[in-house]
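In terms of my numbering, the sequence shown opens at residue 211 and continues consecutively. Using N, Cα and C, we set each Cβ at its ideal position, and we do this for glycine too. A short write-up of the structure that comes next.
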Amino acid sequence: MKKTSKTFSFVVNKVSISVLCSSLCVACGGGGTAAATASNQATNANSSCSVTQLESEMNSQLAQISTDTDFSFAVEREDGRRYMYQRGSSRMQTLYESASTSKLVSAVIILRLIEQGYLKLDDKPQDRINAWPIAAGAPLASMNLANLLSFTSGLTEEPLCINAGFMNFESCVSTIANSNANNQIVPGTEFYYASTHLQVAGLMAIKARGVASWQEVFGEFKQQTGLFKNASYDLPSLNNPRLAGGMHWSGEEYLEFLSALKKGRLLNAASMTQLLTDRTANAKLVYSPAAALGEVWHYGFGSWHECQSSSFNCAAAMRISSPGAYGAYPYWDRNKSYVGILARQGDLGTFTKGVAVERAIRPKVEAWLACSG
Numbered sequence: 211m212k213k214t215s216k217t218f219s220f221v222v223n224k225v226s227i228s229v230l231c232s233s234l235c236v237a238c239g240g241g242g243t244a245a246a247t248a249s250n251q252a253t254n255a256n257s258s259c260s261v262t263q264l265e266s267e268m269n270s271q272l273a274q275i276s277t278d279t280d281f282s283f284a285v286e287r288e289d290g291r292r293y294m295y296q297r298g299s300s301r302m303q304t305l306y307e308s309a310s311t312s313k314l315v316s317a318v319i320i321l322r323l324i325e326q327g328y329l330k331l332d333d334k335p336q337d338r339i340n341a342w343p344i345a346a347g348a349p350l351a352s353m354n355l356a357n358l359l360s361f362t363s364g365l366t367e368e369p370l371c372i373n374a375g376f377m378n379f380e381s382c383v384s385t386i387a388n389s390n391a392n393n394q395i396v397p398g399t400e401f402y403y404a405s406t407h408l409q410v411a412g413l414m415a416i417k418a419r420g421v422a423s424w425q426e427v428f429g430e431f432k433q434q435t436g437l438f439k440n441a442s443y444d445l446p447s448l449n450n451p452r453l454a455g456g457m458h459w460s461g462e463e464y465l466e467f468l469s470a471l472k473k474g475r476l477l478n479a480a481s482m483t484q485l486l487t488d489r490t491a492n493a494k495l496v497y498s499p500a501a502a503l504g505e506v507w508h509y510g511f512g513s514w515h516e517c518q519s520s521s522f523n524c525a526a527a528m529r530i531s532s533p534g535a536y537g538a539y540p541y542w543d544r545n546k547s548y549v550g551i552l553a554r555q556g557d558l559g560t561f562t563k564g565v566a567v568e569r570a571i572r573p574k575v576e577a578w579l580a581c582s583g
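The structure is reproduced here in structure tokens:
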């Protein structure tokens, strides 16, 4: 399988990396002047800062920043205050293609079904899916739902049906299994970023819930939570949605989702612990888009554990995110207790450009977080 054929692969060239690294010292090692400035601002925040002045300064910086496409940016801090910026034609209500930002949403939906007793993390595909084609003696026969949610299932080969709207969802899952059946990978040993894992997990959820489609599963989630009222899993089609990257959502909707997740309104404590556990600490990182940044990130359930380093020397789950190939970038910074999203839809493979915008404004955001004036 060629990486360039993946719908959700983060494609980046040397120019993109150079631009990112030269413009953001915090992105490529070292403390950097911007980071030091933010630290100094935070230290003196409560005594000398102005929230409204910082928001005005963020407006100016975001208006001047170089970008390949219009975007909206919003953050919410611990006290509930929000900052929002909209550039050009982009609005927080604009519906954008999700790319991989849908991975976190899909994982949370499935974790809620586990809470409700429909599924278990140690369930295997053959426990839920009739005629699961992987032989009992094959290494892949041991994969379970936890492996699927953490992309360590061993399903590395992506068949074309994942991107074909006319295909049947369940038939495509069978094709995924057959395409990978003889690869000899032991589940849990390798991390491979692909769309295959969540398709299988999604069919397990559909079968366990006793409904006909993912649309019904998602509809129930929307009804229960009041979230994503205008969003849909409709790519490549409603009948064959990609759970790893097939949503349309607005930045406003995604920020509400992140806020609810942070506040514990979507998952109970046990499920939150499962979501935030580093699932790749002992797995070989075979394919990771974070390599485009020159960084090593780990993975939990449907979300990255970020680390701005060439080796994973960070505490797990301090900053989790689910960025997409079009440059959209939703995140939850648990270290500083805030959530945010950069909502945009650039060209395929502009993941690093979205990250660059957020990292450029982050020092000012962190000063804003610490300011009560």
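With a minimum length of 4 residues, the unbroken runs of alpha helix (DSSP H) contained wholly in the region 378–461 fall at 379–390, 406–419 and 424–435. With respect to the C-alpha of threonine 435, the residue from Gly290, Leu558, Leu305 and Val318 having the closest C-alpha is Val318. Tryptophan 578: member of the alpha helix (DSSP H) spanning 561–580, first to last residue. The three-state reading of DSSP puts serine 519 in coil, since its state is none of H, G, I, E or B. With respect to the C-alpha of methionine 414, the residue from Ser381, Ile395 and Ile339 having the closest C-alpha is Ile339. Between isoleucine 571 and methionine 268, the C-beta spacing is below 8 Å. Excluding the 5 residues flanking it on each side, glutamate 380 has same chain C-beta neighbours closer than 7 Å at Leu413, in chain order. At a Cβ-Cβ threshold of 8 Å, asparagine 450 and alanine 374 count as neighbours.
The Cβ neighbour count for glycine 583, taken over all protein chains shown within 10 Å, is under 16; the residue is labelled exposed.
Here DSSP, grouped into helix, strand and coil, assigns glutamate 265 to helix.
Counting other Cβ atoms within 10 Å of its Cβ, phenylalanine 376 stays below 16 and is therefore classed as exposed. Residue pairing by DSSP places leucine 305 opposite Ser460 in a beta bridge.
For alanine 535, the secondary structure class from DSSP, reduced to helix, strand or coil, is coil. Here alanine 345 is exposed: its Cβ has fewer than 16 other Cβ atoms, across all protein chains shown, within 10 Å. Between the alpha carbons of asparagine 354 and serine 363 lies a gap of roughly 7 Å. With three or more CB-CB distances shorter than 8 Å, the region 468–484 counts as touching the region 317–335. With contacts defined as CB atoms closer than 8 Å, serine 276 and glycine 455 fail to qualify as a contacting pair. By the C-beta density criterion, serine 266 is exposed, having fewer than 16 other C-beta atoms within 10 angstroms. Less than 8 Å separates the beta-carbon of valine 549 from that of lysine 472. Spatial neighbours of lysine 574 in its own chain (CB-CB distance under 7 Å, excluding positions within 5 residues in sequence) are listed in chain order as Leu264, Glu267, Met268 and Gln271. CA-to-CA, the gap between asparagine 440 and glycine 429 works out to about 11 Å. Comparing alpha carbon positions, the residue from Phe283, Leu314, Phe361 and Gly504 closest to lysine 494 is Phe361.
Distance check between asparagine 388 and each of Ala526, Tyr497, Pro343 and Trp514 places Pro343 closest, using alpha-carbon atoms only. According to the DSSP assignment, leucine 495 belongs to the beta strand (DSSP E) that extends over 494–497. Judged by beta-carbon spacing, leucine 358 lies beyond the 8 Å limit of leucine 314, meaning their Cβ atoms are not closer than that value.
In this structure alanine 553 touches tyrosine 464 by the C-beta definition: roughly 7 Å separates them, less than 8 Å. Look at proline 343 here: in three-state DSSP terms it is coil, with no helix or strand label. In this structure the region 395–409 does not lie against the region 516–530, because fewer than three pairs of beta carbons, one per stretch, are closer than 8 Å. In the three-state reduction of the DSSP assignment, glutamine 336 falls in the helix class. The C-beta distance from tyrosine 509 to arginine 529 rounds to 13 Å, too long to fall under 8 Å, and the pair is not in contact.
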